[in-house]
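Q: Attaching a single structure in structure tokens format; questions to follow.
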Amino acid sequence: MSINQRQHVRFSLDIPATLVTKYGDRQETLLQQISIGGCFTDWEENIFPGDEFRLEIELPNKNRLPIACKAIYRFENAGIGVRFMDMSRFEQELISSIIADRLETEGLPTGIDPFAEPKRKRVDTISYLERTERDERERLLEEVMAAEEL
Numbered sequence: 300m301s302i303n304q305r306q307h308v309r310f311s312l313d314i315p316a317t318l319v320t321k322y323g324d325r326q327e328t329l330l331q332q333i334s335i336g337g338c339f340t341d342w343e344e345n346i347f348p349g350d351e352f353r354l355e356i357e358l359p360n361k362n363r364l365p366i367a368c369k370a371i372y373r374f375e376n377a378g379i380g381v382r383f384m385d386m387s388r389f390e391q392e393l394i395s396s397i398i399a400d401r402l403e404t405e406g407l408p409t410g411i412d413p414f415a416e417p418k419r420k421r422v423d424t425i426s427y428l429e430r431t432e433r434d435e436r437e438r439l440l441e442e443v444m445a446a447e448e449l
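Here my numbering is used: the first residue of the sequence shown is 300, the next is one more, and so on.
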């Protein structure tokens, strides 16, 4: 799936969460590039593509939202691309409220609808050799996270 097939708007935010492995191990993490369908999270050396785990995210009312997740991709020593699994519309609305609260807290525009289909991007024609390391990582992340709805 290409970047132009992404189904949900992504938000570049740092949202604290707790990652809970299938063995019950707990680790604090930051969610980044979050949408109502998935996110990119900090590096966890024991999670590999296909692994399922739980993320617990604090809601604006201080309760915690547990989300069943699946690792889709792993960037060595950088982070993990995550798909949220079996999300109900209500849970997606809770994710939306977390996003809106974080946008407001950071003084960013809050009028963006997380349920809206993202605008399509023009395909980048810069060659691989002309990219910086960060640009390449961002491009790979975009490709991986675009597959969140498969």
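Using N, Cα and C, we set each Cβ at its ideal position, and we do this for glycine too.
Checking the sheet assignment: what are the DSSP bridge partners for Gln331?
A: Phe339
Q: Going by the DSSP bridge assignment, what does Tyr372 pair with across the sheet?
A: Gly380
Q: Going by DSSP in three states, Arg309 sits in which element: helix, strand or coil?
A: coil
Q: Considering only C-alpha positions, which residue in the set Val381, Pro315, Gln331, Glu327 is nearest to Lys369?
A: From the listed residues Val381, Pro315, Gln331, Glu327, the smallest Cα separation to Lys369 is found for Val381.
Q: Let me know the secondary structure DSSP gives Leu358 once reduced to three states.
A: coil
Q: Just confirm the distance between the C-beta atoms of Arg325 and Phe374, as a whole number of angstroms; I'd bet it's less than 8 Å.
A: Contact doesn't hold; Cβ gap of about 22 Å is too wide.
Q: Under 8 Å, with one C-beta from each stretch per pair, do the stretch 400-407 and the stretch 383-392 reach the 3-pair mark?
A: no
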